[in-house]
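Trainee:
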Amino acid sequence: MYEAKETKEITKKAFLVGLAEGQETGADVREHLAELQELVRTLGLETCGELCASIREINPRFYVGSGKAEEISQAAAEAQADVIVFDSPLGPSQQRNLERLCKRHVIDRQEVILDIFASRAWTKEAVLQVELARNRYYLPRLTGAWSHLSRQRGGGGTVVRGAGETQLETDRRALKQRISEQEAELAEVRKQRSVQRKSRLRSNISNAAIVGYTNAGKSTLLNTLTGSEAYAANQLFATLDPTTRHLTLPDKSELLLTDTVGFVRKLPHSLVEAFKSTLEEAVLADFIVLVLDASSPAVMSQWETTLSVLSELGADQKEMLVVFNKMDLAGQDPVLQVKLRSLDSEAVFVSCVTGEGLDQLKQKIMYKLASKNALLYVRIPARDSGAIAQLHSNGKIINSHYAPDGDFYATVRVPATYKKKLEPYFVNENIYTGEIPLSERR
Ligand SMILES: Nc1nc2c(ncn2[C@@H]2O[C@H](COP(=O)(O)OP(=O)(O)OP(=O)(O)O)[C@@H](O)[C@H]2O)c(=O)[nH]1
Ligand SMILES: [Mg+2]
30 MYEAKETKEI
40 TKKAFLVGLA
50 EGQETGADVR
60 EHLAELQELV
70 RTLGLETCGE
80 LCASIREINP
90 RFYVGSGKAE
100 EISQAAAEAQ
110 ADVIVFDSPL
120 GPSQQRNLER
130 LCKRHVIDRQ
140 EVILDIFASR
150 AWTKEAVLQV
160 ELARNRYYLP
170 RLTGAWSHLS
180 RQRGGGGTVV
190 RGAGETQLET
200 DRRALKQRIS
210 EQEAELAEVR
220 KQRSVQRKSR
230 LRSNISNAAI
240 VGYTNAGKST
250 LLNTLTGSEA
260 YAANQLFATL
270 DPTTRHLTLP
280 DKSELLLTDT
290 VGFVRKLPHS
300 LVEAFKSTLE
310 EAVLADFIVL
320 VLDASSPAVM
330 SQWETTLSVL
340 SELGADQKEM
350 LVVFNKMDLA
360 GQDPVLQVKL
370 RSLDSEAVFV
380 SCVTGEGLDQ
390 LKQKIMYKLA
400 SKNALLYVRI
410 PARDSGAIAQ
420 LHSNGKIINS
430 HYAPDGDFYA
440 TVRVPATYKK
450 KLEPYFVNEN
460 IYTGEIPLSE
470 RR
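Numbering (this note's numbering) for the sequence shown: 30 to 471.
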């Protein structure tokens, strides 16, 4: 299990606060707190107590009413907590007021997620994206007497919080400066990523993005299908950088599969913004392979979160292939299966551990590809050399030969949108074999 060494020394115990707002029930809050506990554990903190409450409206001073804030303060003191973690997003001044009242660090789910991302970021792009997201989050919080937990940890800390106003002003200016530098650097990275994408698009191979809640098994699925070795582990946000692998299906059709960063409830907006270029993989793919952990008791809300993040990215209308993973753990409970089917009647049930359902998944991918691509057998007359060149750049030639009279025969896979252009040359369309039929050979 992962442990953030630096954090362990500073903070050991976390007191969690979950609030039912609007239509949320007590069960919802407990589900959210169970996940928050997992997130906090990922940071190396142990949970020493928790408090659930429901609130009718958000109090501008403490987020909760002052009586409830007092209650939280006492309970955290009794539990000897080092830090209080709210599942709800706290504004900068609410956070400050709570810290003064409780005399402890007070953070929210968003900051926990930002810190996990910071501890996971290895590549230049991921480090840059996380630091930018953190700095944007910290800018309005750069004030007050409490030297901040995360700042002490020093992950993305570029500015040391000073004691007086003047120091504070200097810090703010420096942080703003750093943010605009990072924005410029990230714009450069985005440019490079779009060049890579263009070359992938030019390759005429369909693209699919694997998306889903964190820990659903996305990287494992990529590895199982393509035999690659992307990092997969039983931890939250194991993957921050997209990995693309080539998949050849039993019918010889091909696909580029990209594994992406996982989603979570209340993914901080600054992170979604900063990770846009990574998350755009989902927007730009031909279709989405949406993976869900069927064994998780929270599978329904994970489904909703995944769809809402996709909609925030503008990718909720994309074609999707829904995959319920970890069926070895979920078992054969018919009630669960009906519940999952109700989310998507076309969904595939798989287990990356036992291999169950993977053949069916490949079948479905093949059907998807067949609807996007056309497999054609064409004859291009010898005099039409321009058309032959175009065929090479727009499609994938599976096999070909020149007849004695110089005519060019080929079995090609082309994007469905290009098929019309080849109509004058059709010998046969929608053939399902890479072989040129004998009857057509001269
Ligand atoms: N039992 C079981 N475990 C699985 C299955 N698929 C994946 N896992 C495990 O689930 C954990 C998470 O898998 P990952 O592939 O890292 O999940 P991910 O969706 O890529 O997670 P992030 O990158 O953190 O978003 C790992 O410990 C896997 O071994 C499965 O079908 N059955
Ligand atoms: Mg992963």
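Here a beta-carbon is modelled for each residue, glycine too, at the ideal position from N, C-alpha and C.
#1: In the DSSP output, which residue or residues are listed as bridge partners for D413?
#2: What does a CB cutoff of less than 7 Å around K214 pick up in its chain, not counting 5 residues either side in sequence?
#3: Does the beta-carbon of H61 have 16 or more other beta-carbons within 10 angstroms, so that it is buried, or is it exposed?
#4: Using a Cβ-Cβ cut-off of 8 Å (strictly less than) and excluding sequence neighbours within five positions of R85, which residues of its own chain qualify?
#5: Between V188 and the rest of its own chain, which residues show a CB-CB distance below 6 Å, the 5 nearest in sequence each way excluded?
#6: Any heavy atom of ligand 1 closer than 8 Å to the Cβ of D413?
#7: Can you check whether the C-beta of L308 is within less than 9 Å of a C-beta belonging to chain B?
#8: Do the segment 279–296 and the segment 250–262 make contact, defined as three or more Cβ pairs closer than 8 Å?
#9: How is K220 classed by DSSP in three states: helix, strand or coil?
#10: Taking only three categories from DSSP, how would you classify F146?
#11: Between the C-alpha atoms of Q361 and F353, what's the straight-line distance to the nearest angstrom?
#12: Measuring straight from C-alpha to C-alpha, what distance separates R470 and I409?
#13: Hey, is S400 close to ligand 1, as in C-beta under 8 Å from one of its heavy atoms?
#14: State the start and end residues of the unbroken alpha helix (DSSP H) segment that holds N252.
#15: Given a cut-off of 9 Å, decide if G78 and A110 are closer than it, judged by their beta-carbon atoms.
#16: Examine ligand 1 and report whether any of its heavy atoms sits within less than 8 Å of the Cβ of L358.
#17: Below 8 Å on the Cβ atoms is my guess for L319 versus V367; work out the distance and round it to an integer in Å.
#18: Could you check which residue in L321, I394, Q139, A43 has the C-alpha nearest to that of T359?
#19: So the candidates are Y431, Y166, T440; which of them puts its Cα closest to the Cα of K425?
#20: If you check the beta carbons only, do V135 and C81 fall under 9 Å apart?
#21: Measure the alpha-carbon distance for S330 versus K281 and round it to whole angstroms.
#22: Do you know whose CA, among P444, K401, A399, G435, lies nearest H421's CA?
#23: Given this structure, state the Cα-to-Cα distance separating G256 from A267, to the nearest angstrom.
#24: Hey, is the segment 154–170 in contact with the segment 124–144, meaning 3+ C-beta pairs nearer than 8 Å?
#25: Once DSSP output is grouped into helix, strand and coil, what is the label at D137?
#26: Using only the alpha-carbon positions, how far apart do V224 and E217 sit?
#27: State yes or no: is the C-beta of A267 nearer than 8 Å to some heavy atom of ligand 2?
#28: What are the boundary residues of the beta strand (DSSP E) that S429 is part of?
#29: Closer than 8 Å to a non-hydrogen atom of ligand 2 - does that hold for the CB of D288?
#30: Could you check the C-alpha separation between S228 and R274 for me, to the nearest Å?
#31: Tell me the DSSP secondary structure of R408 in three-state form.
#32: Report the three-state DSSP secondary structure of K42 (helix, strand or coil).
#33: Please classify C131: does DSSP put it in a helix, a strand, or coil?
#34: According to DSSP, which residues form a beta bridge with F437?
#35: Need the endpoints of the beta strand (DSSP E) that V318 sits in, please.
#36: What number of angstroms, rounded off, separates the C-alpha of L398 from the C-alpha of F455?
Mentor: Answer, in terms of the structure:
#1: Bridge partners of D413: none, in fact.
#2: Reading off the sequence shown, one finds Glu at residue 214, where the question assumed Lys. Excluding sequence positions up to five before and after E214, its CB lies within less than 7 Å of the CB of L157, all in the same chain and listed in chain order.
#3: That one is buried.
#4: Closer than 8 Å at Cβ, skipping near neighbours: no residue.
#5: Low confidence applies to V188: its pLDDT is 40, below 50, so where it sits in the model is not reliable, and the reading given next is rough at best. Once the five neighbours on either side are set aside, the close Cβ partners of V188 are D200, A203, L204.
#6: Within 8 Å of the C-beta of D413 there is not a single heavy atom belonging to ligand 1.
#7: Here there is only one protein chain, and chain B is not present.
#8: Touching, per the Cβ criterion.
#9: Here K220 carries a helix assignment [DSSP, helix/strand/coil].
#10: Secondary structure of F146 (DSSP, three-state): helix.
#11: Straight-line Cα distance between these residues: approximately 13 Å.
#12: Because R470 carries a pLDDT of 36, less than 50, the predicted location of this residue cannot be relied on, and the following value inherits that uncertainty. Each residue's Cα considered, the two are about 14 Å apart.
#13: Checking the Cβ of S400 against ligand 1 gives no.
#14: Per DSSP, N252 belongs to the alpha helix (DSSP H) from 247–255.
#15: Yes, Cβ-Cβ distance for A110 and G78 is below 9 Å.
#16: Yes, ligand 1 has a heavy atom inside 8 Å of this Cβ.
#17: For a cut-off of 8 Å, the C-beta gap from L319 to V367 is around 19 Å, too long to register as a contact.
#18: According to the sequence displayed, residue 359 carries Ala and not Thr. Comparing Cα positions, the closest option is L321.
#19: Ranking the options by Cα distance to K425, first place goes to T440.
#20: Pairing V135 with C81 gives a Cβ-Cβ distance that is not under 9 Å.
#21: S330 and K281: Cα-Cα distance of roughly 37 Å.
#22: For H421, the nearest C-alpha among the options comes from P444.
#23: Straight-line Cα distance between these residues: approximately 18 Å.
#24: The segment 154–170 and the segment 124–144 touch, with no fewer than 3 CB-CB distances between them shorter than 8 Å.
#25: D137 falls in the strand class under three-state DSSP.
#26: For V224 and E217, the distance between alpha carbons rounds to 11 Å.
#27: Correct: A267 has its Cβ closer than 8 Å to ligand 2.
#28: From DSSP, the beta strand (DSSP E) with S429 extends over 425–431.
#29: Checking every heavy atom of ligand 2 against the Cβ of D288, one is found closer than 8 Å.
#30: CA-to-CA, the gap between S228 and R274 works out to about 14 Å.
#31: Residue state, collapsed to three classes: strand.
#32: DSSP places K42 in strand when its eight states are reduced to three.
#33: Reduced to three states, the DSSP call for C131 is helix.
#34: Here F437 is bridged, per DSSP, to I409, Y431.
#35: Taken as a continuous stretch (DSSP letters only), the beta strand (DSSP E) holding V318 covers 316–322.
#36: Taking the straight line joining both Cα atoms gives about 20 Å.
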